[in-house]
Amino acid sequence: MDNSYTTFFGNDHWIKAAAFYLRYQVFVLEQQIKPYLEFDEQTNAFNNYFVTFKQKEALATIRYEAFDSKTISPDRFCVAKKARKQGIASKLLKIFETKAISQGYQFSQLTAEKQAVAFYQKNGYRIISQEFLEDGLPCVKMQKTLTI
81 MDNSYTTFFG NDHWIKAAAF YLRYQVFVLE QQIKPYLEFD EQTNAFNNYF
131 VTFKQKEALA TIRYEAFDSK TISPDRFCVA KKARKQGIAS KLLKIFETKA
181 ISQGYQFSQL TAEKQAVAFY QKNGYRIISQ EFLEDGLPCV KMQKTLTI
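Numbering (my numbering), first residue to last: 81 to 228.
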């Protein structure tokens, strides 16, 4: 990302508002996931998010959530349609993983939509499950060993 991109982390209202805006745009409007499935019981006041902005425009987000004491789970990862294929997602994932390593996590495990598997493989993740449906979309579980 060039210098015009800034990534923020936390659970301040404005960060979550930007994350929820992106999630609604990508998951609800674009992928037709029902809002009550997208904003489920795991969406709470304590969730932390990374959000990448270009000036005031939110372009990408990822939820920072522990799976267990050794494993972080990048979740609800999405990029605005107009910002795709520009390297923003890979850079945001690297920022996410760097934070996780600094907090002692050894693994990253996620649920990937089938259409995103190649992206995650390019970023060092491997498939660890059979295909299954989540929110009506074909998905697989993927994992990566985190290293500096």
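We put the CB at the ideal spot given by N, CA and C, even for glycine.
Computed from a predicted model, the values in this text were never measured in an experiment.
Residue i versus residue j: straight-line alpha-carbon distance, rounded
i	j	result
A169	V159	7 Å
F89	F100	14 Å
F119	A163	23 Å
I95	N203	25 Å
I228	L173	14 Å
K165	S149	33 Å
Y185	V108	31 Å
I152	A146	4 Å
A98	V131	7 Å
A137	Y116	Reading off the sequence shown, one finds Glu at residue 137, where the question assumed Ala. Looking at the two C-alpha atoms, the distance is approximately 25 Å.
Y85	V197	25 Å
D215	Q112	10 Å
F176	H93	20 Å
Residue i, DSSP secondary structure in three states
i	result
I152	strand
L217	strand
Q223	strand
K134	strand
A69	With the chain covering only 81 through 228, there is no way to say anything about residue 69.
E211	coil
A163	helix
E126	Sequence inspection shows Phe at residue 126; the Glu mentioned does not correspond to that position. Looking at F126 - three-state DSSP - the assignment turns out to be coil, as it is neither helix nor strand.
F157	strand
Opening and closing residue of the beta strand (DSSP E) in which residue i lies
i	result
E193	187-193
Y116	Run containing Y116: none in the beta strand (DSSP E); it sits in the alpha helix (DSSP H), 115-118.
G204	Premise fails: G204 is in no beta strand (DSSP E) and is neither H nor E.
F88	85-90
Alpha helix (DSSP H) segment containing residue i, residue limits
i	result
I95	93-103
F176	168-182
Min CB distance residue i to chain B below 8 Å
i	result
H93	In the structure shown, chain B does not exist; there is a single protein chain.
Burial state of residue i (16 or more Cβ within 10 Å)
i	result
E110	exposed
F157	buried
T141	buried
R206	exposed
L213	exposed
(Q) For the structure I just gave you, are there three or more beta carbon pairs, one from the segment 219-228 and one from the segment 180-192, closer than 8 Å? (A) yes
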